[in-house]
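The sequence shown begins at 1 in the numbering used here and counts up one residue at a time.
Quick reminder that beta carbons are idealized off the backbone N, C-alpha and C, glycines included.
Let me begin by presenting the structure, written as structure tokens, before commenting on it.
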Amino acid sequence: MKKFRKVLDGLTTSSPGGTIGSPSCGSAAGTPTAAPTPKEIDVQETLVSENFQLCKTVRHGFAYQPTALAFDPVQKILAIGSRSGGVRILGRPGVDCYCQHESGAAVLQLQFLINEGALVTACADDTLHLWNLRQRRPAVLHSLKFNRERITFCHLPFQSKWLYVGTERGNTHIVNIESFILSGYVIMWNKAIELSTKTHPGPVVHLSDSPKDEGKLLIGFESGTIVQWDLRAKKADFRIYYDEAIHSVSWHHEGKQFMCSHSDGSLTLWNLRNTTKPFQVTFPHGKIQKDGRKESCKPILKVEYKTSRSSEPFVIFSGGLSYDKAGRRPALTIMHGKAITVLEMDYPIVEFMVLCETPYINEVQEPYAVVVLLEKDLIVVDLTQSNFPVFENPYPMDVHESPVTCTAYFADCPPDIIPILYSIGAKHKKTGYSQKEWPVSGGTWTLGSHTYPEIIITGHADGSVKFWDASAITLQMLYKLKTSKVFEKPKPGEGRAAELVEEDPFAVQMVSWCPQSRIFCVVGISAHIILYRFSKYDANTQIVALEVRLQCESEDVITPSENENNPCFSEPGSHSPQPHHQYPVSPGSRTPESGKDSIPCLKVKERVVRVPPGYQSDLVIQLLWVDGEPPQQITSLDINSAYGLLAFGNCNGLAVVDYLQKTVLLCMSTLDLYGATDPYQRLTRSPRRNRQSTSEFCMRGLSNFYSDSKKRIRTSYQSLTELTDNQQSVDMERSKSPTSESRENSFSRSRSSSVSSIDRDTKEAVTTLQFGESYGRKSDAFPTPCLWVGTSLGVVLLIPMSIPNDQEERMEEPVTIGPSGAVQMLKGSVLRFGFLDCMGALIQSPYEVWRDTNAPEDPDRPRKRKLVHFSPSSSQEACGEGHLAVVCSERQAKVFLMPSQSCLFVHNITESSFVLRADVVSVCNSVCLACFCANGHVMTLSLPSLRPLMDVNYLPLTDMRIARTFCFTNGGQALYLSSPTEIQRITYSQEMCDNLQEMLGELFTPIETPEAQNRGFLKGFFGGNAHTFDREELFGEAAAGKASRSLAQHIPGQGGVEGMKVAASGAVGELARARIALDERGQRLGELEERTALMMTSAETFSKHAHELMLKCKDKKWYQF
């Protein structure tokens, strides 16, 4: 019965028609208000479900936990595999593609089909996948799952369709790339080694064909055994048994020598003339000690041996450093002739790859660069210069330079802001990069027609803030701001900051930016706010610091009666106040036993500091310790440049600061904001308890900051899950249904039987704030500046303000703040406000046009404040005055008509989960409410009727990182941190999904494969018969038979071969395929001609022999035969 009643409740509260004027959306007193009929609010809603579709657009940043690397030397594109099964494919700037294996298994190895537009991936679940790169969004064409053996190494020779696959058992299998079916040809480990060998050689760690002869395959086993296998004769040419384990093998291009790297830090060079012992053994980093023994060295994990016409060969390897030097950073060593260069890296080396001019292994390699994949970075070293400089990376690989703690996304910014930020940021760029162009230059990308200025802001654990140009689905860093420069450096292990946040005292918790006025605010974890102004000029400035005591207890704060008599708490003209002395402090705050009192967490620099052009600190606001208790973290912030006001709140209360006059206007507890309009019947407070209970919320470092944030989200979700506006109905239902009470008690700590009675100990945090022109009271005839306040208990407060209009008066006269006006109720913590006019158009917050305060004064044109207002009554002569207020909480969304404060529409967003992020955004020339829930659902609701337009179960698992960084913006876009190093951008707009193909880059471009060099007659004659080797004859089904069905299972991909043909369609693709077909036809015709000539020659020979035989036997008698 209870479930049925809930269904009925849902029907009555979610349908727009049934909610207008319904009791569940009454006024503050709990009685329903007569709402206007829909005719009065005649909004033509244009958005329909067909306008919405959710899809991923692009991923920025460094691939998290990378595992593998590959490079196509002809197409010049790079692929990076990761532990979570992701593959990032990079080309020229703008060509950046992310693919994900459905299994999520780690990528072990990557192999490009060079110049074919395809990629083979080998994953940890022993599956091979063939990806088609001839489409903008790559797809899997085939998969092959090994059932009985584990894949350890793969090798695909250039221009071959047969992939060699080594396994953990030591066997080598061969896969046809076209059909993705196993060949019956297998090189078993017991055939590869001598029969007399008693031990297993270990897994296959290397496979490569000889540059001298493609019919010879070099197999390296982990134990130190190396076998050259003759594929035609199906036997071993030679076997090498070495004492040390092998990690990698690299050929000399002539095919007469190869080099191995070993686990003891040695390199061995082997000559094919004598394979009984190595031709040369070197320990590059193993010095001889005093006792004559060599230093023990770390394993050399990979070596590459590359030749050059103009200089000595390059030997490049990773690892091999001596063990005794503690704290040495990972290094890449380049041996060039007698010179040895050690390049130290910031992070461990995962993989490296030398880039060469030719794709042919039997030609002089001519290396020009080396790509080094580190655990948290990607660098490319220029080998053509003696000092080996690195190339400047055009991709945003340093998003995670310091862990990202918050994000903000701004679409459709003022067009002049990006060039200005770039010009300021360019002055601080690093130098010393290689002058050559970035070598990973494949693919094509053009600036699409659907582009507009977009900026992403990331806040970091070290206190830095980065501005990124995110226009046209690319990402480029514009400007970096270090907020820690405002403070003195805290001494390690001592001082006030050490006890609070030893790890990251400057970590950015929240940012607020007004692109029009260029005012920027940063909230830090140490309960501080820094306000920045933008200037093109450097300046000498004295940082103004305001200290705010926002640790209000019920017996410490100002009473409602005092508040009504004295609405403004600031003294006129006090530019350097001590705000914590302007209102009563707790009686025990001056007692000697209180360890810390009235001190901030961090110390602001008191001296005059020179600040460069860009964002310059104008004001620092810090919350103070009270009676040995640290200040609580700031939970909400809003700033308005037109009003010159900044408001912030935490779980103790609300503060409003006039940043023009540098004064605190209001500082009071959430409870006292209500005055006589408190919707809860709060219990009288018990005697003062031990303060330890509130100290549990103490800031304890960044890791705990995340968990505290999670605790806050969960607690706000748990608090008052059944709360509605009509308190009496809740009380009645509670008395009827004790099971519902017990269920709620299981969510959180024990509470009173009536939800409307709340213990005064309950922390009611200020969760959201919004300045705007509105009606503070029902009787107001004209809109005035107001502050909308939302709390964690679902309460909405309106605080009207009186701001002087004249510029001179504004700087001298105080801003007066009246007592709280309207009070409304929602289920769950309030998350977002939005304002619409009566035509349904979004009302922007008023702002001040940017002016450079450091610019030289012009006596003819005095610098004045220029304000832009969007009055709610300006565009609605036909509708009458008023506006619509959209309020969204964790559980519910409501639309109110102002100034009557009547609830027009209500929608219960979710019952089983809670909303993490909500925003009123513009999409398709209209407005909607976008919500992201903790259960991974992304939803959009129409405005003002709150009709559900889209509900997609996007993320099955939402972790704290995603919850903290998810944000919506205009144009139907959103982003979140998909991993600690990557930003994932998504769109929920059908229009953008349709245009996405045009915006993405092409990974494959038709390029002629470079011709192989003419080897010359003598080299061809003495160098073996490499070009006459036919793998089809050996590995095809006719010769080798079929492989065992139980060994591997073929899985057709989603794309299939048809998909590949369709993907390669278009004029360019058709031309490329026609050219390839012509080449193949010409080749076949040539082969046919050769065969015809051979047949004619043999026919002539046969005719000649027959004629000779006839002449010989012509005169013989029958008995002479």
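Would you decide whether residue i is buried or exposed? Buried here means 16 or more other CB atoms lie within 10 Å of its CB.
| i | result |
| --- | --- |
| S537 | According to the sequence provided, residue 537 is Tyr. The question's Ser does not apply to it. Exposed, because fewer than 16 other Cβ atoms sit within 10 Å of the Cβ of Y537. |
| A118 | buried |
| R329 | exposed |
| E1108 | exposed |
| N115 | buried |
| V849 | exposed |
| E629 | buried |
| S695 | Any answer about S695 is weak, because its pLDDT of 33 lies below 50 and its placement is not dependable; what the coordinates show is given next. Classification for S695: exposed. |
| S686 | With a pLDDT of only 40 at S686, under 50, the local geometry of the prediction cannot be trusted, and no value is derived from it. |
| G104 | exposed |
| A1048 | buried |
| A461 | buried |
| K306 | buried |
| G94 | buried |
| T1170 | Residue coverage of the chain in this structure runs from 1 to 1121, which leaves residue 1170 outside it and unanswerable. |
| D638 | buried |
| G337 | exposed |
Using CA atoms only, rank isn't needed, just tell me which of the options is closest to residue i.
| i | options | result |
| --- | --- | --- |
| P956 | R947, D96 and C933 | C933 |
| R232 | D213, H200 and T987 | D213 |
| A63 | G644, K76 and I80 | I80 |
| S512 | D504, V523 and E808 | V523 |
| G255 | G215, R293, V886 and K1112 | G215 |
| V915 | R865, F966, S902 and G882 | F966 |
| S143 | P846, I181 and I151 | I181 |
| P785 | V815, G1053 and L355 | V815 |
| Q990 | T46, F52, L47 and Q44 | F52 |
| W468 | V895, I219 and M397 | M397 |
| K482 | E503, K491, P490 and G459 | G459 |
| E351 | M335, S318 and Y323 | S318 |
| I300 | I334, K489, M939 and G265 | G265 |
| L671 | I340, L797, F771 and V611 | L797 |
Taking only the alpha-carbon atoms, compute the straight-line gap between residue i and residue j and give it to the nearest angstrom.
| i | j | result |
| --- | --- | --- |
| L478 | P613 | 14 Å |
| S1122 | P73 | This structure leaves residue 1122 out entirely; the chain is present only between 1 and 1121. |
| E222 | Y242 | 10 Å |
| D298 | V372 | It should be pointed out that residue 298 corresponds to Lys in this sequence rather than to Asp. Rounded to the nearest angstrom, the two C-alpha atoms are 19 Å apart. |
| N953 | S49 | 16 Å |
| I246 | H206 | 9 Å |
| R273 | Q257 | 9 Å |
| G840 | R810 | 33 Å |
| Q632 | V626 | 10 Å |
| I519 | L660 | 12 Å |
| R92 | S84 | 25 Å |
| L1111 | K1104 | 11 Å |
| R136 | G1001 | 6 Å |
| E149 | S196 | 25 Å |
| K827 | P899 | 22 Å |
| E606 | A545 | 9 Å |
| V895 | T910 | 17 Å |
| L769 | P804 | 22 Å |
| N640 | H869 | 11 Å |
| L90 | H252 | 29 Å |
| C356 | E1011 | 15 Å |
| A106 | C123 | 6 Å |
| F1035 | Y185 | 6 Å |
Looking at the strands, I want to know which residues DSSP matches up with residue i.
| i | result |
| --- | --- |
| Q109 | A122 |
| D209 | L217 |
Counting Cβ pairs closer than 8 Å, one from the stretch 597-604 and one from the stretch 616-632, do we hit at least three? The stretch 597-604 is in contact with the stretch 616-632.
- Taking contact to mean at least 3 C-beta pairs separated by less than 8 Å, is the stretch 51-67 in contact with the stretch 977-990? Using a C-beta cut-off of 8 Å, the stretch 51-67 makes contact with the stretch 977-990, since at least three inter-stretch Cβ pairs fall below that distance.
When the Cβ atoms of the stretch 992-1012 are set against those of the stretch 436-453, are three or more pairs found closer than 8 Å?
Verdict: yes, contact present.
Item to complete: Flag this pair as touching only if the stretch 881-890 and the stretch 778-796 have three or more C-beta atom pairs under 8 Å; answer yes or no.
Response: Yes, they touch.
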